[in-house]
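As C-alpha coordinates, the structure follows; a few thoughts come after it.
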Amino acid sequence: MRAPRECASWFWDLEDYAPPGLESALKTAAQMSAVLRKHDLLEPSNLEWSWFVPALGGAPARTRLQIMRPLDDEQLVQEVDKMRPVGYPEAVGGDLLVAGSGVWLDGRAAPRREYRLVELTVSPEPFGLSAEVSVFHDIWGPFDFRGSPHPEVHRNNAPRLAAALKELEALLGVPAEPGEATYFGTAVGYGVMEPDAVDGRGPDLTDQL
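Quick note on numbering that gives the first Met the number 0: the sequence shown kicks off at 0 and runs consecutively.
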(Lines of atoms letter the chains of each structure in order from A and count residues from 1; the text may use other names and numbers.)
(Lines give C-alpha, C1' and ligand atoms only; values in the text may rest on other atoms or scores of the structure.)
Protein backbone atom coordinates (compact mmCIF):
# COMPACT_ATOMS: atom_id res chain seq x y z
CA MET A 1 0.00 0.00 0.00
CA ARG A 2 1.10 3.56 -0.72
CA ALA A 3 0.51 6.36 1.76
CA PRO A 4 -0.46 9.91 0.76
CA ARG A 5 2.49 11.19 2.82
CA GLU A 6 5.99 9.78 3.06
CA CYS A 7 6.71 7.16 5.70
CA ALA A 8 10.37 8.20 5.70
CA SER A 9 12.62 10.69 3.93
CA TRP A 10 16.28 11.70 3.92
CA PHE A 11 17.64 15.16 3.16
CA TRP A 12 21.06 16.36 1.99
CA ASP A 13 22.33 19.94 2.12
CA LEU A 14 24.61 20.08 -0.92
CA GLU A 15 26.07 23.58 -0.72
CA ASP A 16 29.59 22.15 -0.66
CA TYR A 17 28.88 19.44 -3.22
CA ALA A 18 27.77 21.49 -6.21
CA PRO A 19 26.72 25.06 -7.05
CA PRO A 20 23.03 25.98 -7.22
CA GLY A 21 21.14 26.24 -10.48
CA LEU A 22 19.22 24.10 -12.94
CA GLU A 23 22.18 22.54 -14.75
CA SER A 24 23.86 21.59 -11.49
CA ALA A 25 20.60 20.19 -10.10
CA LEU A 26 20.08 17.99 -13.15
CA LYS A 27 23.65 16.68 -12.98
CA THR A 28 23.19 15.86 -9.31
CA ALA A 29 19.85 14.19 -10.06
CA ALA A 30 21.59 12.08 -12.73
CA GLN A 31 24.29 10.95 -10.30
CA MET A 32 21.84 10.16 -7.49
CA SER A 33 19.34 8.39 -9.73
CA ALA A 34 22.17 6.23 -11.09
CA VAL A 35 22.72 4.92 -7.56
CA LEU A 36 19.01 4.28 -7.06
CA ARG A 37 18.79 2.58 -10.45
CA LYS A 38 21.70 0.33 -9.52
CA HIS A 39 19.60 -0.99 -6.62
CA ASP A 40 16.46 -1.26 -8.84
CA LEU A 41 14.71 1.41 -6.76
CA LEU A 42 14.18 4.10 -9.40
CA GLU A 43 14.21 4.00 -13.19
CA PRO A 44 13.59 7.67 -14.13
CA SER A 45 10.80 8.24 -16.64
CA ASN A 46 9.43 11.70 -15.82
CA LEU A 47 10.64 15.02 -14.52
CA GLU A 48 8.16 17.29 -12.72
CA TRP A 49 8.50 20.79 -11.30
CA SER A 50 6.54 23.94 -10.46
CA TRP A 51 7.30 27.47 -11.61
CA PHE A 52 7.84 30.48 -9.37
CA VAL A 53 8.01 34.19 -10.12
CA PRO A 54 10.64 35.96 -8.00
CA ALA A 55 9.07 38.30 -5.43
CA LEU A 56 5.57 37.16 -6.42
CA GLY A 57 5.54 33.49 -5.45
CA GLY A 58 4.12 30.60 -7.40
CA ALA A 59 2.94 30.71 -10.98
CA PRO A 60 -0.22 28.70 -11.78
CA ALA A 61 1.70 26.03 -13.64
CA ARG A 62 3.30 22.67 -13.04
CA THR A 63 5.25 20.96 -15.78
CA ARG A 64 5.71 17.26 -16.41
CA LEU A 65 8.31 16.19 -18.94
CA GLN A 66 8.93 12.66 -20.19
CA ILE A 67 12.63 11.89 -19.87
CA MET A 68 13.94 10.99 -23.33
CA ARG A 69 17.62 11.68 -22.70
CA PRO A 70 20.07 11.44 -19.77
CA LEU A 71 19.32 13.82 -16.91
CA ASP A 72 22.75 15.44 -17.27
CA ASP A 73 22.37 16.01 -21.02
CA GLU A 74 22.88 19.71 -21.84
CA GLN A 75 19.87 19.64 -24.18
CA LEU A 76 17.61 18.67 -21.28
CA VAL A 77 18.52 21.94 -19.54
CA GLN A 78 17.40 23.79 -22.66
CA GLU A 79 14.19 21.75 -22.87
CA VAL A 80 13.28 22.56 -19.26
CA ASP A 81 14.00 26.25 -19.82
CA LYS A 82 11.82 26.34 -22.96
CA MET A 83 8.81 25.01 -21.03
CA ARG A 84 8.50 28.19 -18.95
CA PRO A 85 4.83 29.39 -18.92
CA VAL A 86 4.28 31.90 -21.72
CA GLY A 87 2.49 34.34 -19.43
CA TYR A 88 5.34 34.35 -16.91
CA PRO A 89 8.60 35.13 -18.74
CA GLU A 90 10.43 35.76 -15.44
CA ALA A 91 9.38 32.44 -13.89
CA VAL A 92 12.06 30.12 -12.58
CA GLY A 93 11.79 26.39 -11.98
CA GLY A 94 11.42 25.01 -8.47
CA ASP A 95 12.24 21.61 -7.00
CA LEU A 96 12.82 18.90 -9.59
CA LEU A 97 10.99 15.64 -8.88
CA VAL A 98 12.49 12.62 -10.63
CA ALA A 99 9.69 10.06 -10.94
CA GLY A 100 9.74 6.55 -12.29
CA SER A 101 9.28 2.90 -11.40
CA GLY A 102 11.16 0.73 -8.96
CA VAL A 103 11.21 -2.94 -8.03
CA TRP A 104 10.14 -4.34 -4.66
CA LEU A 105 10.24 -7.98 -3.57
CA ASP A 106 7.23 -9.74 -2.09
CA GLY A 107 7.31 -12.33 0.69
CA ARG A 108 8.58 -14.98 -1.72
CA ALA A 109 11.23 -12.62 -3.11
CA ALA A 110 9.32 -12.32 -6.40
CA PRO A 111 10.05 -8.93 -8.03
CA ARG A 112 7.17 -6.52 -8.54
CA ARG A 113 7.37 -3.16 -10.29
CA GLU A 114 5.76 -0.11 -8.70
CA TYR A 115 5.50 3.47 -9.98
CA ARG A 116 7.00 6.01 -7.58
CA LEU A 117 8.39 3.36 -5.28
CA VAL A 118 11.15 5.82 -4.38
CA GLU A 119 11.05 9.54 -5.16
CA LEU A 120 14.07 11.76 -5.70
CA THR A 121 13.81 15.55 -5.46
CA VAL A 122 16.65 17.97 -6.16
CA SER A 123 16.28 21.68 -5.46
CA PRO A 124 18.13 24.18 -7.70
CA GLU A 125 17.35 27.09 -5.35
CA PRO A 126 19.91 29.94 -5.60
CA PHE A 127 20.67 29.88 -1.86
CA GLY A 128 22.05 26.34 -2.14
CA LEU A 129 21.55 22.97 -3.77
CA SER A 130 19.75 20.26 -1.77
CA ALA A 131 18.23 16.85 -2.38
CA GLU A 132 15.72 14.49 -0.78
CA VAL A 133 14.84 10.81 -1.13
CA SER A 134 11.35 9.78 0.03
CA VAL A 135 9.49 6.47 0.38
CA PHE A 136 5.73 6.01 0.74
CA HIS A 137 5.05 2.26 0.96
CA ASP A 138 4.73 -0.12 3.89
CA ILE A 139 7.30 -2.59 2.54
CA TRP A 140 10.19 -0.79 4.24
CA GLY A 141 8.97 -1.44 7.79
CA PRO A 142 8.29 -4.63 9.78
CA PHE A 143 4.48 -4.11 9.65
CA ASP A 144 2.14 -3.27 6.83
CA PHE A 145 -0.18 -0.28 7.17
CA ARG A 146 -2.88 -2.54 8.67
CA GLY A 147 -0.48 -3.46 11.46
CA SER A 148 0.12 -7.02 10.29
CA PRO A 149 3.73 -8.21 10.56
CA HIS A 150 5.42 -9.05 7.26
CA PRO A 151 9.00 -10.00 8.19
CA GLU A 152 9.84 -11.53 4.81
CA VAL A 153 8.77 -8.42 2.90
CA HIS A 154 10.72 -6.23 5.31
CA ARG A 155 13.79 -8.44 5.07
CA ASN A 156 13.65 -8.48 1.27
CA ASN A 157 13.40 -4.72 0.85
CA ALA A 158 14.73 -2.70 3.79
CA PRO A 159 18.39 -3.74 3.25
CA ARG A 160 18.20 -2.65 -0.39
CA LEU A 161 17.04 0.83 0.62
CA ALA A 162 19.70 1.05 3.35
CA ALA A 163 22.44 0.07 0.89
CA ALA A 164 21.32 2.74 -1.58
CA LEU A 165 21.21 5.46 1.10
CA LYS A 166 24.71 4.56 2.29
CA GLU A 167 25.98 4.70 -1.29
CA LEU A 168 24.34 8.09 -1.78
CA GLU A 169 26.08 9.38 1.34
CA ALA A 170 29.41 8.18 -0.04
CA LEU A 171 28.68 9.84 -3.40
CA LEU A 172 27.62 13.17 -1.93
CA GLY A 173 30.11 13.26 0.92
CA VAL A 174 27.38 14.53 3.24
CA PRO A 175 25.49 12.56 5.91
CA ALA A 176 21.77 12.19 5.28
CA GLU A 177 19.48 14.07 7.66
CA PRO A 178 16.23 12.25 8.55
CA GLY A 179 13.14 14.09 7.34
CA GLU A 180 10.20 15.06 9.51
CA ALA A 181 8.06 12.32 11.00
CA THR A 182 4.60 11.82 9.50
CA TYR A 183 1.54 9.82 10.51
CA PHE A 184 2.92 6.93 8.43
CA GLY A 185 6.43 6.68 9.81
CA THR A 186 9.74 8.18 10.78
CA ALA A 187 13.17 7.83 9.23
CA VAL A 188 15.88 6.55 11.55
CA GLY A 189 19.36 5.76 10.33
CA TYR A 190 18.95 4.16 6.91
CA GLY A 191 15.45 2.81 7.39
CA VAL A 192 11.99 3.30 8.86
CA MET A 193 11.64 3.37 12.64
CA GLU A 194 9.94 0.29 14.06
CA PRO A 195 6.71 1.33 15.83
CA ASP A 196 5.61 0.02 19.20
CA ALA A 197 3.88 -3.33 18.84
CA VAL A 198 0.87 -4.51 20.82
CA ASP A 199 0.26 -8.27 20.89
CA GLY A 200 2.64 -8.66 17.98
CA ARG A 201 0.89 -6.09 15.78
CA GLY A 202 1.82 -2.59 14.74
CA PRO A 203 -0.54 0.39 14.52
CA ASP A 204 -3.41 0.33 12.02
CA LEU A 205 -2.87 3.37 9.77
CA THR A 206 -5.53 2.60 7.17
CA ASP A 207 -7.87 5.33 8.45
CA GLN A 208 -5.61 7.84 6.66
CA LEU A 209 -5.24 5.88 3.41
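For every residue, glycine included, the Cβ atom is placed at its ideal position computed from N, Cα and C.
Closest by C-alpha distance to residue i, when choosing among the options
| i | options | result |
| --- | --- | --- |
| P123 | V91, R145, E113 | V91 |
| P69 | E89, S49, A33 | A33 |
| N155 | L40, E22, G56 | L40 |
| P53 | V76, V132, P148, E89 | E89 |
| R112 | E151, H38, A162 | H38 |
| K26 | A161, A175, G190, L170 | L170 |
| P19 | D94, N45, C6, D72 | D94 |
| K81 | A2, T62, G57 | T62 |
| A175 | P150, F10, T120 | F10 |
| A98 | S44, D137, A24, P202 | S44 |
| H136 | P125, G57, G184, V79 | G184 |
| Y87 | G57, E151, E5 | G57 |
Alpha-carbon to alpha-carbon, residue j and residue i
| i | j | result |
| --- | --- | --- |
| S8 | L64 | 24 Å |
| P110 | A186 | 24 Å |
| A17 | A157 | 29 Å |
| Y182 | L21 | 33 Å |
| L104 | G127 | 36 Å |
| D198 | L55 | 53 Å |
| L75 | M67 | 9 Å |
| A196 | S133 | 24 Å |
| T205 | R115 | 20 Å |
| A28 | Q207 | 31 Å |
| A162 | F144 | 23 Å |
| P148 | V191 | 14 Å |
| W50 | A24 | 15 Å |
| L35 | V173 | 17 Å |
| K165 | A2 | 24 Å |
| E47 | L96 | 5 Å |
| E73 | P177 | 32 Å |
| G106 | G146 | 16 Å |
| L160 | E193 | 15 Å |
| C6 | A180 | 8 Å |
| G188 | V85 | 44 Å |
| D15 | W139 | 30 Å |
Residues that residue i bridges to, as DSSP identifies them
| i | result |
| --- | --- |
| W50 | G92 |
| W103 | R111 |
| H136 | R1 |
| A186 | V191 |
| P177 | W9 |
| S68 | A small fix is needed here, since residue 68 is Arg in this sequence, not Ser. Answer is none; R68 lacks a bridge partner. |
| P148 | F142 |
| G57 | F51 |
Inter-residue CB distance, residue i and residue j (contact presumed, cutoff 8 Å)
| i | j | result |
| --- | --- | --- |
| A130 | L13 | 6 Å |
| M31 | L167 | 6 Å |
| F142 | R83 | Incorrect: roughly 45 Å between the Cβ atoms, too far for contact. |
| G101 | E151 | In fact, because the Cβ distance is near 19 Å, the residues do not count as touching under 8 Å. |
(message) As an exercise, report each continuous alpha helix (DSSP H) stretch of at least 4 residues that is fully enclosed by the segment 11-37, in chain order.
(response) DSSP runs (the alpha helix (DSSP H)) wholly in the segment 11-37: 21-37.
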